[in-house]
Structure formats: C-alpha cells, structure tokens
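Structure record follows, encoded as structure tokens.
In my numbering, the protein residues as written are 10 to 514.
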C-alpha cells in the first residue's frame with residue numbers, strides 16, 4: 010500500500026544532505042544499476058543463439074550506435090530477471106521509492122530493454138533511453154534531462170560519459186565507479202555524496218576467472234615423461250613449457266565458455282557467482298585476456314623445441330611442432346564444445362574425456378616420447394567416468410532442490426540412473442585396463458618390482474567407488490577436479506599412489 014501524500018516527508022537525507030522530494034532521481038543502467046553492460050550481454054546472447062546474425066553487426070553499426078542497440082535488442086531477448094543488479098543501490102532505490110520520490114531509469118541502452126528492466130523492478134516513474142536514432146549518452150542524456158527536469162535532478166552513474174551529468178546535477182552519486190570517472194570528478198572538483206559499491210577485488214575475480222585450480226588437469230602432460238622414467242633436463246624443460254602453454258590456452262577457453270554461458274550461469278545456484286556472470290569483470294576485458302592468453306600459449310608452443318635444444322643441445326625433437334598441433338586441436342575442440350558440443354547428450358562427456366587424453370598426447374609430443382597404448386586406453390575410460398560423474402552430480406543437485414535442468418545440455422532428471430551405470434562402469438573398466446598392463450609383462454622393462462604395482466588396484470577402486478558414492482549422496486562438488494584437489498582423503502590416496510610407484514622402481 011502506498012503511503013498517503015500527507016505523511017510523506019518533504020525531503021530525504023542522503024549522507025547528511027537533504028534532497029527535496031521534488032528532485033527527480035535518475036539512475037543509469039549499464040555498470041550502475043546493473044554491474045554488467047547489457048549491450049555486451051545481448052551481443053553474447055546473439056553469438057550463442059543466432060551466431061549467423063553476427064555477420065550483420067558491421068552493417069548495423071554503420072547505421073549508428075543507437076540503431077545497433079535496437080537491432081540487437083530486437084534479435085534476442087535478454088533475461089532481465091537474472092541480471093547482476095547492484096544490491097546496495099537497489100536497496101537505496103527501494104527506500105527512496107517508498108518516500109514517494111520519482112525515480113527514472115536513464116540509460117543509453119535501447120528503450121525496449123530498459124522498459125523490461127523497469128517493469129521487472131517496479132521502482133521507476135519513467136524511462137529515458139536510446140530510441141534507435143539518438144544514443145542517449147553523455148551530452149545527449151544531459152540535454153534530455155534538462156528538457157524534462159530543468160536542473161532539478163539527481164543522477165547516479167559509473168563511468169566517464171557520466172561526468173557531464175554528475176557535474177550538473179544535485180547530490181551526484183556513483184555506483185562501482187571506474188578509474189576514469191574518479192579522475193574526471195576529481196578534475197571537475199566534484200565529490201559524490203554517496204557511492205554504491207557491490208563488487209569483489211579485481212585480482213580475486215581474475216584469479217577465479219582463469220581458474221588456476223583447473224591447471225591441475227595439465228599435470229597429465231607430465232605423465233609420458235614420468236612413466237617413461239626419462240629425467241633429461243631438456244625434456245623436463247620442454248614439459249614445463251608445455252604445461253604453461255596448455256594452462257594459458259585452457260584459461261582462455263574457460264573464459265570463452267563463461268562468456269557464452271553468462272545467462273545460463275546467472276540462473277545457476279553456484280555459477281551465478283562466476284566473475285563474468287556476476288558482473289565483477291567486464292566481458293570486453295575478458296575477450297582481451299582471451300586474445301592475450303592464446304597469443305602467449307601458441308608463442309610458447311612454437312618456441313618449445315628451441316627451448317629443449319637450448320637447455321640440452323644433444324636433445325632434438327624429431328617432430329618439433331607436433332605439440333603446437335595438439336594445442337591447436339585442443340583449442341578448436343574446446344571452442345566447439347563451448348559453442349555447441351556441450352549441448353549434445355553423451356557427445357559432451359565423450360569430448361570432455363577426450364580433452365583429458367589430449368593433454369597426455371600433447372605431453373608425449375612435447376618430449377618426443379611415444380605414448381603407451383595402455384596409458385591411452387586407461388585414460389579414455391578413467392576420464393570418461395569423471396565426465397559422467399560431473400553430469401551426474403549436476404542432475405543430482407537439481408533433483409535434491411526440486412529444480413529442472415535449464416542449461417540446455419539435454420539431460421533429464423530421469424537420466425540419473427543411466428548416467429550412474431555408464432560412469433561407474435567406465436571407472437571399473439579403467440582399473441581392468443591397469444590389471445592387463447601389470448599382468449601382461451608390459452611393466453617389467455620399467456619396474457624392478459612389478460608385483461608391488463598390484464597395490465595400485467585397491468587404491469584406485471577405493472577412490473572411484475568413493476567418488477560415485479559421494480555423488481549419489483549429493484555430497485560431491487559438480488567438478489570432480491575440485492573434489493580431487495581439495496579432498497584430504499583423495500590427496501592421501503594420491504600420495505599413496507606415488508609411494509607405491511616409487512617402491513616398484
């Protein structure tokens with residue numbers, strides 16, 4: 010129920026400053042009310058839903074920025090209910106709305122999108138936005154304000170284009186201000202009366218975005234070298250370079266995946282906290298980091314054979330650029346996975362398991378050590394089990410919450426038991442492959458005490474069985490890699506594996 014006009018205050022106090030109720034409160038959208046940029050979000054949605062429409066972007070841009078926004082907004086429907094709103098600012102607007110103040114959403118975003126945001130929040134008396142002809146930013150926005158409010162307005166912005174408005178308004182306020190805005194306001198000798206900060210540390214956000222913990226998967230690159238017992242300085246240096254190259258490439262592909270999955274992640278209980286989905290990092294900066302990381306990764310890949318020879322002049326790779334080829338295959342495959350393969354039932358898990366195996370093959374290419382067919386067979390089944398448990402854990406989490414799958418991967422809650430069968434069977438087959446390797450005398454040339462390798466079987470069986478048991482109980486993180494590197498029992502079993510292998514040498 011609205012408060013009767015007679016009971017409403019004549020002004021509200023904003024950080025000690027009395028702001029009369031007849032002053033219109035105007036709020037920017039991108040980077041202010043919402044921590045992300047809705048134009049970029051819409052473009053990413055376009056890339057995912059209608060990739061062929063990206064070819065029309067240059068033509069739309071030639072018609073002007075306002076026209077570009079209108080075309081993109083018309084082509085896709087951005088989910089405004091799950092946008093990363095600035096929570097502190099929303100609370101302030103709700104308080105001001107309760108006093109009877111007229112609040113306006115004033116944005117350079119297209120009017121159709123702005124009106125959907127306004128309808129969702131229910132806080133705004135009106136919307137001022139770009140209309141396909143005029144881009145309502147900077148001086149255009151200031152002119153629109155003066156036509157409608159004169160000088161009787163307050164404004165909340167976040168970036169350098171907002172400086173003209175903040176220097177000409179009453180009680181200027183900012184939300185997650187950029188460095189450029191702060192510098193501009195200092196030069197204009199304008200001090201915001203209030204700041205609405207809703208973001209995490211930039212360094213912390215980037216560390217989370219590049220997923221350093223996922224680099225643990227790249228330890229697989231060392232397997233061919235370790236299992237062949239080749240302790241050559243040149244080959245070790247080559248493997249280290251390969252590890253770094255793969256890490257940079259993997260981080261780049263994770264960022265691409267996160268950018269394409271922004272809308273789906275925002276609907277997810279945990280993934281909505283990812284840096285790009287939460288708006289803590291700019292998608293534009295994400296694209297720049299992807300380019301930088303890929304350039305660094307492939308530069309290292311092509312330098313790898315020279316580094317090996319530099320460290321050990323006697324060591325020359327017979328296929329010097331084979332590692333670069335496998336890195337390229339990995340990058341292309343993960344890109345295909347991000348764009349489409351992850352939405353193909355069963356194909357997605359086979360691709361995921363294949364990406365693990367590619368790391369082992371790449372490690373062999375970086376050292377020139379041929380990969381054992383036993384190792385290849387073991388990795389295919391073992392990592393297929395991990396891929397299945399990842400999907401199983403996702404569905405089990407949804408089942409326990411009573412929710413339905415909404416990520417477009419094609420799996421149903423009813424598929425849980427079948428995934429459990431596929432995954433547990435794959436895990437036990439990998440153990441069987443290991444028994445054939447040990448019993449078939451294939452290990453004798455490399456190990457003095459092959460019988461001790463049989464101790465690996467109960468350790469591996471225990472880990473796989475416990476993994477699936479926890480997943481069935483709904484106690485497994487959706488990423489088995491996170492579980493493996495954070496679970497104390499898993500780390501203890503890993504140490505035990507290392508001890509058994511060294512004792513067999």
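Just so you know, even glycine gets a beta-carbon here, dropped at the ideal spot from N, CA and C.
Quick caveat: nothing in here was measured; it's all calculated off a predicted structure.
Straight-line measurement puts the Cα of residue 140 at about 13 Å from the Cα of residue 72. In the three-state reduction of the DSSP assignment, residue 233 falls in the helix class, which pools H, G and I.
When rounded, the separation of the alpha-carbon atoms in residue 162 and residue 204 is 17 Å. Taking 8 Å as the cut-off, the Cβ atoms of residue 123 and residue 138 count as close. With a 10 Å radius around the Cβ and a threshold of 16 neighbouring Cβ atoms, residue 256 comes out buried.
Membership of residue 288 in any alpha helix (DSSP H) is not indicated, and neither H nor E is assigned to it by DSSP. Residue 502 places its beta carbon 8 Å or farther from that of residue 477. Annotation: residue 174 to residue 104 spans about 23 Å, alpha carbon to alpha carbon. At the C-beta level, residue 418 and residue 497 stay beyond 8 Å of one another. Exposed is the label assigned to residue 142, since fewer than 16 other Cβ atoms lie within 10 Å of its Cβ. Taken through DSSP and simplified to helix, strand or coil, residue 137 comes out as strand. The count of Cβ pairs closer than 8 Å, one atom from the region 253–268 and one from the region 298–309, reaches three, so the stretches are in contact. In its chain, beyond the 5 residues on either side, 383, 386, 387, 390 have a beta carbon closer than 7 Å to the beta carbon of residue 442.
Note on the region 143–167: whole alpha helix (DSSP H) runs with a minimum of 4 residues are 148–158, in chain order. Burial state of residue 327 is exposed, judged by a 10 Å Cβ sphere holding fewer than 16 other Cβ atoms. Rounded to the nearest angstrom, the gap between the Cα atoms of residue 466 and residue 514 is 17 Å.
The closest CA to that of residue 47, considering only 242, 78, 357, 409, is found on 78. Put simply, the backbone Cα of residue 75 is about 28 Å away from that of residue 96.
Rounded to the nearest whole angstrom, the C-alpha separation of residue 29 and residue 38 is 23 Å. For residue 334, the three-state secondary structure derived from DSSP is helix. Per DSSP, residue 481 lies in no beta strand (DSSP E) segment; the continuous alpha helix (DSSP H) that holds it begins and ends at 465–481.
Taking C-beta atoms as the reference points, residue 292 and residue 274 fail to come closer than 8 Å. Within the model, the alpha-carbon separation for residue 354 versus residue 446 is close to 32 Å. Secondary structure note for residue 33: its beta strand (DSSP E) is the uninterrupted segment 33–36.
With fewer than 16 other Cβ atoms from the protein chains shown falling within 10 Å of its own Cβ, residue 159 counts as exposed.
With respect to the C-alpha of residue 368, the residue from 226, 405, 395 having the closest C-alpha is 226.
Ranked by Cα distance from residue 250, the options 371, 278, 208, 211 are led by 371.
Residue 107 and residue 181 have their alpha carbons spaced roughly 20 Å apart.
For residue 468, the closest alpha carbon among the candidates 483, 500, 456, 481 is that of 500.
Here residue 90 has 129 as same chain residues with Cβ atoms under 8 Å from its own Cβ, once five neighbours each way along the sequence are excluded. Residue nearest to residue 315 within the set 304, 54, 329 is 329 (criterion: CA-CA distance). A straight-line Cα-Cα distance of about 22 Å links residue 414 and residue 492. When the five nearest sequence neighbours on each side are left out, the beta carbons in the same chain lying within less than 6 Å of the beta carbon of residue 284 are those of 214, 217, 218, 290, in order along the chain. Excluding sequence positions up to five before and after residue 154, its CB lies within less than 6 Å of the CB of 162, all in the same chain and listed in chain order. Partner residues in the beta bridge of residue 179, as assigned by DSSP, are 163. Scanning the region 346–417 from its first residue to its last, the whole alpha helix (DSSP H) runs of 4-plus residues come out as 356–376, 382–410.
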